[in-house]
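Trainee:
Chains as they are written, first to last, in my numbering: chain P, 1 to 642; chain W, 1001 to 1541.
In C-alpha cells:
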C-alpha cells in the first residue's frame, strides 16, 4: 500500500514536490520488502481473511513472491528516480506519480495474492493503471486510442482468465495458489487451464495478443521500462509458474508452441522497426515468448530466472532509450514535427551520451545472450530445456516438437541482429540529424545512477558465480527449495556452444549490415517502409494490427446490426402493437358509434317516431284516438289469443 | 413493535400533503420540505440497516422478516366465498432491506439534483414524494394486494414526471412507459387473483379465509383443489396453471427489469426524463422488477423456477450481450447508459436464475451496486446536458483537459460499471458469474456454458465505455458550438455533493463487500435453501 499512499500524497502536494514525495513514500516499502524476504526465509507467511461470506481470500509471501517483490521495488525505485528527471517539466507530474504509485501497489498485490480471485483483482488493477499511464498524455488522440486498444486486448484475455479462475473456484475447488495440486486430466481441467493460459498470454503479450504491447509504447518511456518491460508483462509468466501444477500436458504443449512462435515472430518484427521503442517492445515480446515457452517445456525455474535477468537488462535498455528520446526532445523542443523516437534521425550518440551508451551496450549484450552477461545464463537454461523437451516428445512420436526448440534457436540468432542494429544505428556512425552537446543531459543521481545500476545488474556476477552455468543462479535454490531438482542436470555442451555461436554470429551479421561504414547506414535517413513481402511482414509485425482492426470492424458491424434489430424489429413490434391497439380501438369506436350506439339511437328514433304518432293521438282528434285505441286493443287481443 | 417501516412509507406522503397546502410560489420552502422529508427517510433507513439483525437464521418464511407490522386493513364477508382478508402487512428481510436503503439514498440525491428546477415546482415535488413513498412501500409490502397497490401507485407520478418535465419527445416516451408497464402489471394482477383464490386456510369456524399474504403464499398454504396448488391438475394447452402463473409474473417483472426483448421503453423514457427522474428510474424503479422476481415470482413458484431456470438464464444472458452490443451503437450518451442498464440488469436475472447462494447474493449485490453506479452515470450525463443541452457523444471531445474533476468521476463510474475490481460493479458481476458457472455442479439447473458465455459481457461493456471515454474526454478540447465554451465549467458544489457519496459507496462496497453481504447472508441462504427444497417437494407432487 505504501507506494499508493506515496502517490496520493504526491498528487496532493502538487507539481513541485511530487517526485520527491513519491520517492520518500517508496523507501519504507522497499525496506519492508527486504524484511519480508528475511521473514519468509524459513516458512511462508500466510494471511487469510473473509472477504465476503463464503470467500476467504489470502495473502501469502513465499520465496518466489518475496524475491519478485524485491525486484519490483528495485526497478520501481530506479524508474521513479529516472522519471523525476524525464518528466521534470511536465505540468501533470503529480498525476503521473499518483498513477505510478497505484501501479506499483497493484503489482505488489498481484505478487502477494494467494487466492485466484484476489490475483484477478490486482491483475485487472494492474491493467487499469497501465491504461491510465499509456494514456497519460490523453490530449493526444492517438495516444488515447493506443491506451484503449491496449486495454481492450487485455480485457479479452482477462475474460479467459476469469473463466479459468471461476472454474478453478467452483468446479475444482482450488482457489489457493499455494495449495494447488495436480488433477487428472478432464474436460473441465483442460478448460480451466486454457482459460488461465489465455489470461497469461494476454498480459504477457503473446500470440495472438501481442499487438497491444507496441501500442503501449505511447506512454512515457519510464513507464514502458517499468510496466511494459520489467514487471507487468511478466505477470503472465508469473501466473503460469504458479498454476503450473494443474496445467495438463495438452495445455503445456500449447503454451510451449505459442511461446516459441511468439519469440520468433516478435524477433522478426523487431528487425525492421524505425521507432527506437518499438524495437524494444518487440524484443520484450520475444523474450517473454522464451519465458512462456520455458514454462511449457517444464523449465519454470529457468523462466523465472530469465524473468529476473530480463527485468534488469530490459529496464536498462528502455531507460537508455528514454535518455536518447529525452535528449532529442530537448534538442528539438520547438520543432514539433521532429519525431524524437525515429532511429532514422539518430546516430553517433556515443559521444553525446556516454553513460547511456555504455549501459545500453551492456544491456544489449545481455539481451543477445553473450557469455559473461546475465541474459546468457537464463536463456541458456530455457534453450537447453526446450531441446530436452523436444527430444523427449519426439521419442514419444511427436517429432514436430523439434519445431519449438528450432524456433527458439533461430530467435537466439535474430535477437543479436536486431539489438546490434539498434545499437549501431543509434550510437555509432555519424549523426543523421544535427546534434550538439547539451549540458546536464546526464545528471548524476536521477539518470546515471539508474542506468549504471541496471547495467551492473546485467552482468553475470550478480546472479551466479560461474558465468557459464545456467543452473548457478544463487536464488534458484532459495525460490524453489527442494521442489525443483534442476530439470536438466548439467547443461549439455552442444547447446551452449550453439547458442554462443548464434549470438556471436548475430552480432557479426548486424555489424556487417549496419556497421559504421555501411552505405545502408548513411542512407538510412531516407529509408522508407520495406516493400518486399518479407520486409512488410516484419515491419507490419505479421499484420497483427490490421487483423485487430478487421475484428473491430466486424464487431462494429455486429453492433450496428444489433441496433438495427433493436430499432427496426423489437421497437417496431412494440410501436406497431401500440398502433394496432389504437386501430383496434378506433374500429371498436366505430362499431360502438354505428352499431351499438346506433341501436340505441335507433330505438330512440323509433320511440320518437312512435311518440310523434302518439303526439298525434294526443293532439285532440278524438276520432283518431278512438281508432288507435281500438287498433291497439285488437292487436293486444290478437296477441294474447295466439 | 416499532413503526419504522410505516414511518418510512408515510413520511413522504405527509410531506406531499404539506406541500399541497402551501402556495406554489414558495419554491424554496417546497424544495426544503422535500429535502428534509427524504433526508429523514434516509436516516430512518440507516437506522433500519444498523438495527437489522443479520444473525437471525430463519426457520420458515413466517419468521424470515423483521420490523414486521400487521394490521387488518380490509375485511369483507363474501358469503359462501368465505372471507376477504387484506392486511397492511410490512416487513423486511435481507433482500429488501438493502433496496430500501438504496432507494432512500437515491431519493435524497434526486432532490438535490432537482434543486435548480423552476417551473411547476409544487406539482413536481408532490409527485416526487408520492413516488418516494410508494417505492419504499413496494419494497417492504408483505401483502400481495398492498404490494400491487404501491406498484401501481408508482406509475402515475412517474408518468407525469416524465410527461410534464421531460424532453421534447416526452409524451411519446411517457405513454410508452406507462402502457408498457401497465401491461406488465395486468399480468401480475391476473396471477394475484389466482393466488388469492388458491391460498388461505379454513378457520376455526369452518369458514374459508383467503389471503393475500405473501408469507402464506411463500409457505405454500394452498387450499385443497385450488387452481394454483401444486397438486392441481388444471392445465391450459397442456401447460400447468402454475407454469402459466410463473410465466405471467415473469413477463410482468421482466418488463419492469427490463430484459430483452421487453426493454425498448427504457431508453426512450430515460432520454426524455429529467435527470433526477432518470436517476430514480435506473437506480430504483428497475430494482422493483428485480425485487418482484425475488419476492413473488421465485419465492411463490420455486418448482417452476427450477424447471424454467434455463430459459430465464438465457433471457439474462441475451440481455447482457445484446444490451451491451446495442449500447455500443448509440450516439446519445444517455441512451448508451440506458442500454448498459439493460445489460447490467441481465446479470441480476442470470444470478437469480442460477439459484445458488453466490448467484443470488451476487444478484442482490448487483442490484444495489447498479443502483449507485447507474444513478451516478445519469447524474454525470445531467452535468453535461445542463451545460450544453446536448448529449451527443460526437459533439464534444477532449473534456479531460477542460473539466478534470468531472472526468475523474466519469472514469471512476465508467470503470465501476465495466466491472473494475475494487469497485462495486465487479463484486456483483463476479458473484453472479461464479453462481452461473457453478450452477451445473451445485444444483444442475442449467449448463455452465451460459455462465461462460456471459463472461463475454465484461469485454463488451469495456468496449463501449472506453470508446466513449476516448471520444468525449481525450484528445484535443473541442465543442460543436462555440457558445458552449463558456459554460464548460467543472462540476459545481451541488454536483460534487451528489457524486461524492455515490463514489465513496462504490469504492467501499467494492473493497469491503461484506458490509452489505454480511447482514444479508442468512436471508439469501434461507432463500436459496427453501426455494430448492420447496421446489423439489412441489415438483414431486
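In this text, a Cβ means the ideal position worked out from N, Cα and C, and glycines have one as well.
Since this is a predicted model, take the numbers as computed values, not measurements.
What does residue 1437 of chain W touch in chain P if you count any residue whose Cβ is under 7 angstroms from its own?
Mentor: Ordered by position in chain P, the residues that pass the 7 angstroms Cβ test against residue 1437 of chain W are 166, 167 and 170.
Trainee: Short of 6 angstroms in beta carbon distance, which residues of its chain neighbour residue 1024 of chain W, apart from the five on each side in sequence? Order them along the chain.
Mentor: Cβ neighbours of residue 1024 of chain W beyond the five flanking positions: 1122.
Trainee: Would residue 318 of chain P pass as a contact of residue 229 of chain P if the rule is Cβ separation under 8 angstroms?
Mentor: It is a contact, given that the beta carbons lie within the stated cut-off.
Trainee: Does the beta carbon of residue 1467 of chain W sit closer than 8 angstroms to a beta carbon anywhere in chain P?
Mentor: It does; some Cβ of chain P falls within 8 angstroms.
Trainee: For residue 1072 of chain W, which residues in chain P fall below 7 angstroms Cβ to Cβ?
Mentor: Those within 7 angstroms of residue 1072 of chain W in chain P number zero; the least Cβ separation is about 38 angstroms.
Trainee: If you follow the alpha helix (DSSP H) that residue 1407 of chain W is in, where does it begin and where does it stop?
Mentor: Its alpha helix (DSSP H) spans residues 1404 to 1417.
Trainee: I'd like the span of the beta strand (DSSP E) that includes residue 60 of chain P, first residue to last.
Mentor: Here the beta strand (DSSP E) through residue 60 of chain P covers 55 to 61.
Trainee: Suppose you measure from the CA of residue 256 of chain P to the CA of residue 1278 of chain W; what does that come to, to the nearest Å?
Mentor: Rounded to whole angstroms, residue 256 of chain P to residue 1278 of chain W spans 52 angstroms at the Cα level.
Trainee: Less than 7 angstroms between C-beta atoms, sequence neighbours within five positions excluded: which residues of the same chain meet that for residue 1331 of chain W?
Mentor: Counting only Cβ-Cβ distances below 7 angstroms, and skipping sequence neighbours, we find 1392, 1393 and 1394.
Trainee: Fully enclosed by the region 495 to 582 of chain P, which alpha helix (DSSP H) runs are 4 residues long or longer?
Mentor: Segments of the alpha helix (DSSP H) lying fully in the region 495 to 582 of chain P: 519 to 522, 533 to 539 and 544 to 564.
Trainee: What residues of chain P sit near residue 1422 of chain W, judged by a beta carbon separation below 7 angstroms?
Mentor: Those are 121 and 125, listed as they occur along chain P.
Trainee: Residue 239 of chain P lies in the alpha helix (DSSP H); which residues open and close that run?
Mentor: Unbroken alpha helix (DSSP H) run through residue 239 of chain P: 235 to 243.
Trainee: For residue 1099 of chain W, is the classification buried or exposed, using 16 other Cβ atoms within 10 angstroms of its Cβ as the cut-off for buried?
Mentor: With 16 or more other Cβ atoms within 10 Å, it is buried.
Trainee: Residues of chain W with CB closer than 7 angstroms to the CB of residue 152 of chain P, please, in chain order.
Mentor: Going along chain W in sequence order, the residues near residue 152 of chain P (Cβ under 7 angstroms) are 1462, 1463 and 1466.
Trainee: Using a threshold of 8 angstroms, state whether the C-beta atoms of residue 1187 of chain W and residue 1251 of chain W are closer than that.
Mentor: In contact: residue 1187 of chain W and residue 1251 of chain W (Cβ atoms closer than 8 angstroms).
Trainee: Quick check on this structure: which residue in W:1430, W:1304 and W:1503 has the alpha carbon closest to the alpha carbon of residue 158 of chain P?
Mentor: Closest by alpha carbon: W:1430.
Trainee: Listing by chain order, which chain W residues have their CB less than 8 angstroms from the CB of residue 550 of chain P?
Mentor: Correct list: empty, because the minimum Cβ distance to chain W is about 15 angstroms.
Trainee: Using the three-state DSSP reduction, which class does residue 384 of chain P fall into: helix, strand or coil?
Mentor: Three-state DSSP puts residue 384 of chain P in a helix.
Trainee: Does the beta-carbon distance from residue 309 of chain P to residue 328 of chain P come in below 8 angstroms?
Mentor: Not closer than 8 angstroms, so no.
Trainee: Hey, residue 1280 of chain W and residue 1048 of chain W: beta-carbon distance below 8 angstroms or not?
Mentor: No, Cβ-Cβ distance for residue 1280 of chain W and residue 1048 of chain W is not below 8 angstroms.
Trainee: I'd like to know whether the C-beta atoms of residue 1271 of chain W and residue 1173 of chain W end up nearer to each other than 8 angstroms.
Mentor: In contact: residue 1271 of chain W and residue 1173 of chain W (Cβ atoms closer than 8 angstroms).
Trainee: I'd like the span of the beta strand (DSSP E) that includes residue 1068 of chain W, first residue to last.
Mentor: Residue 1068 of chain W -> beta strand (DSSP E) spans 1066 to 1077.
Trainee: Using beta carbons (cut-off 8 angstroms, strictly below), is residue 1275 of chain W in contact with chain P?
Mentor: False, the Cβ-Cβ gap to chain P never drops below 8 angstroms.
Trainee: In its own chain, which residues sit with a C-beta less than 6 angstroms from the C-beta of residue 387 of chain P, not counting the 5 before and 5 after it?
Mentor: Same-chain partners within the cutoff: 405 and 495.
Trainee: Suppose the cutoff is 6 angstroms on Cβ atoms and the five residues either side in sequence are ignored; what does the same chain contact list for residue 1073 of chain W look like?
Mentor: Only 1086, 1087 and 1088 meet the Cβ criterion.
Trainee: Kindly say whether residue 637 of chain P, judged by its beta-carbon, lies nearer than 8 angstroms to any beta-carbon of chain W.
Mentor: Not one chain W Cβ lies under 8 angstroms of residue 637 of chain P.
Trainee: In whole angstroms, give me the CA-to-CA distance for residue 1496 of chain W and residue 1414 of chain W.
Mentor: Cα to Cα, residue 1496 of chain W sits roughly 17 angstroms from residue 1414 of chain W.
Trainee: Within 8 angstroms of any Cβ in chain W, is that where the Cβ of residue 657 of chain P sits?
Mentor: It is not possible to answer for residue 657 of chain P, since the shown part of chain P is limited to 1 through 642.
Trainee: Taking the alpha helix (DSSP H) that residue 1524 of chain W belongs to, which residues open and close that run?
Mentor: Where residue 1524 of chain W is concerned, the enclosing alpha helix (DSSP H) stretches over 1514 to 1540.
Trainee: For residue 1239 of chain W and residue 260 of chain P, I'd like the C-alpha separation in whole angstroms.
Mentor: Their backbone Cα atoms lie some 58 angstroms apart in a straight line.
Trainee: Residues of the region 1378 to 1396 of chain W with a CB closer than 9 angstroms to any CB of chain P: list them in chain order, please.
Mentor: Residues passing the 9 angstroms Cβ filter: none.
Trainee: Counting only beta-carbon separations shorter than 8 angstroms, does residue 1501 of chain W have a partner in chain P?
Mentor: Judged by the 8 angstroms Cβ criterion, residue 1501 of chain W is not in contact with chain P.
Trainee: Are the C-beta of residue 51 of chain P and some C-beta of chain W separated by less than 8 angstroms?
Mentor: Cβ-Cβ to chain W under 8 angstroms: yes for residue 51 of chain P.
Trainee: Cβ atoms of residue 69 of chain P and residue 104 of chain P: under 8 angstroms apart, would you say?
Mentor: In this structure, residue 69 of chain P does not lie closer than 8 angstroms to residue 104 of chain P by Cβ.
Trainee: Which of the three DSSP states is assigned to residue 1087 of chain W in this structure?
Mentor: Looking at residue 1087 of chain W - three-state DSSP - the assignment turns out to be strand.
Trainee: Let me know the secondary structure DSSP gives residue 411 of chain P once reduced to three states.
Mentor: In this structure, residue 411 of chain P counts as helix in the three-state DSSP scheme.
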